[in-house]
Structures are given as structure tokens and as C-alpha cells.
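Novice: Counting in our numbering, the sequence shown runs from 1 upward without gaps. Ideal placement from N, C-alpha and C gives every residue a C-beta, glycine not left out. Right, I'll just put the structure down here and ask away after.
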Amino acid sequence: MAFVVTQICKDCVDTACVDVCPVDCFYQPKEITEKTPNMLYISPEECIDCAVCEPECPWEAIYPEEDVPEVFTSDIVLNEDCDTNRDAFVLAEVTEHEPPSAEEVAARKALFGL
Ligand code: SF4
Ligand code: SF4
1 MAFVVTQICK DCVDTACVDV CPVDCFYQPK EITEKTPNML YISPEECIDC AVCEPECPWE
61 AIYPEEDVPE VFTSDIVLNE DCDTNRDAFV LAEVTEHEPP SAEEVAARKA LFGL
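Have a look at this one:
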């Protein structure tokens, strides 16, 4: 089991999660494409299931694999892409972002029926 970044992260990418991961297992695509959207990816091979990142994500985009909502099931395989297709990814770097408001988070989640 590993933790999974869901599409809630797409185009938000504030990287708060990257800062706290003890094993540096967040990746970002070298190129943004339809198959590799602009979001972060957790390596299931490297994630040690410590759960530290989940509460740090201001967009509430990270779930343990067993709790990923059905609407994001395809994101489990999407995250695996950073292991199976590693050449297309680089380690994610921390960048400064203003955290979203509670209203922005709720509006973003509502787009996915959450
Ligand atoms: S903190 Fe959440 S929204 Fe920000 S990059 Fe990490 S997973 Fe994506
Ligand atoms: S659960 Fe721990 S090891 Fe896995 S991505 Fe989150 S912080 Fe990193």
C-alpha cells in the first residue's frame, strides 16, 4: 500500500507535501501532457506509508490507496507511472505558494462530487 495523489492536485501543485516526505518520493513530470497532467505523483515503490503528507496537503488531494474515492480510481495507476516510466519524471521540488481558502478547497472538491 502507498499513498496516492489524486487529480484534485492538478494545476494546484503547491508542493506542501514535498517538504515533509521523509523519503523524497514525490515526482513531477518533465513534460505536461494528456497522459502526465500537471500534478505531483507518489512513487508506490518508495512510499513508506508514513502518512505525514496527507494532512499537509491544503487541497486534501492525498489519500491512502485503500481510501481513494471511486472517482479517482484511475489516479492509482497514474501515480504508478512515475515508477514504470521514471525517465519521464523528476523529483518534485518545493516552491512557495499561498495556501487556498476553505472555500476554494470545497469548490475544487465539489468539481469531483466530493
Ligand atoms: S500538497 Fe497536495 S495539492 Fe499540493 S502538490 Fe502536494 S498533493 Fe498536490
Ligand atoms: S506517506 Fe510518507 S512516504 Fe509516502 S508520500 Fe506521504 S510522506 Fe512520503
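Applying the criterion that 16 or more other CB atoms from any shown protein chain within 10 Å of the CB defines a buried residue, is Val90 buried or exposed?
Specialist: Translated into positions along the sequence shown, residue 90 becomes position 90. The residue in question, Val90, is exposed, as its Cβ has fewer than 16 Cβ neighbours within 10 Å.
Novice: Taking the runs of the beta strand (DSSP E) that are 3 residues or longer, which of them lie wholly in the stretch 11-54?
Specialist: If we require 3 residues or more, the beta strand (DSSP E) runs fully inside the stretch 11-54 come out as 26-29.
Novice: Taking just the CA atoms, how far does Phe112 sit from Asp49?
Specialist: Here residue 49 is taken as the residue at index 49 of the sequence shown, counted from 1. Here residue 112 is taken as the residue at index 112 of the sequence shown, counted from 1. About 25 Å.
Novice: Ordered along the chain, which non-local residues of its own chain (more than five positions away) have a Cβ less than 7 Å from that of Asp29?
Specialist: Numbered from 1 along the sequence shown, position 29 holds the residue referred to as residue 29. It is Pro, not Asp, that sits at residue 29 in the sequence shown. The answer, listed in chain order, is Thr36, Ala88, Phe89.
Novice: Name all residues in chain order for which at least one heavy atom of ligand 2 lies closer than 7 Å to the residue's CB.
Specialist: Result: Ala2, Phe3, Cys17, Val20, Cys21, Pro22, Val23, Cys25, Phe26, Ile42, Cys47, Ile48, Asp49, Cys50, Ala51, Val52, Cys53, Glu54, Ile62.
Novice: Looking at the unbroken alpha helix (DSSP H) that takes in Val77, where does it start and where does it end?
Specialist: Here residue 77 refers to the residue found at position 77 of the sequence shown. Start and end: 73-84.
Novice: Any idea which residues DSSP pairs Val4 with across the strands?
Specialist: Here residue 4 refers to the residue found at position 4 when the sequence shown is read from its first residue. According to DSSP, Val4 bridges with Tyr63.
Novice: Under a Cβ-count criterion, where at least 16 other Cβ atoms within 10 Å of its own Cβ denotes burial, should Arg108 be classed as buried or exposed?
Specialist: The count along the sequence shown starts at 1 and reaches residue 108 at position 108. Label assigned to Arg108: buried.
Novice: Would DSSP call Val105 helix, strand or coil?
Specialist: For the purposes of this step, residue 105 is taken as the residue at position 105 of the sequence shown. If DSSP states are grouped into helix, strand and coil, Val105 belongs with the helices.
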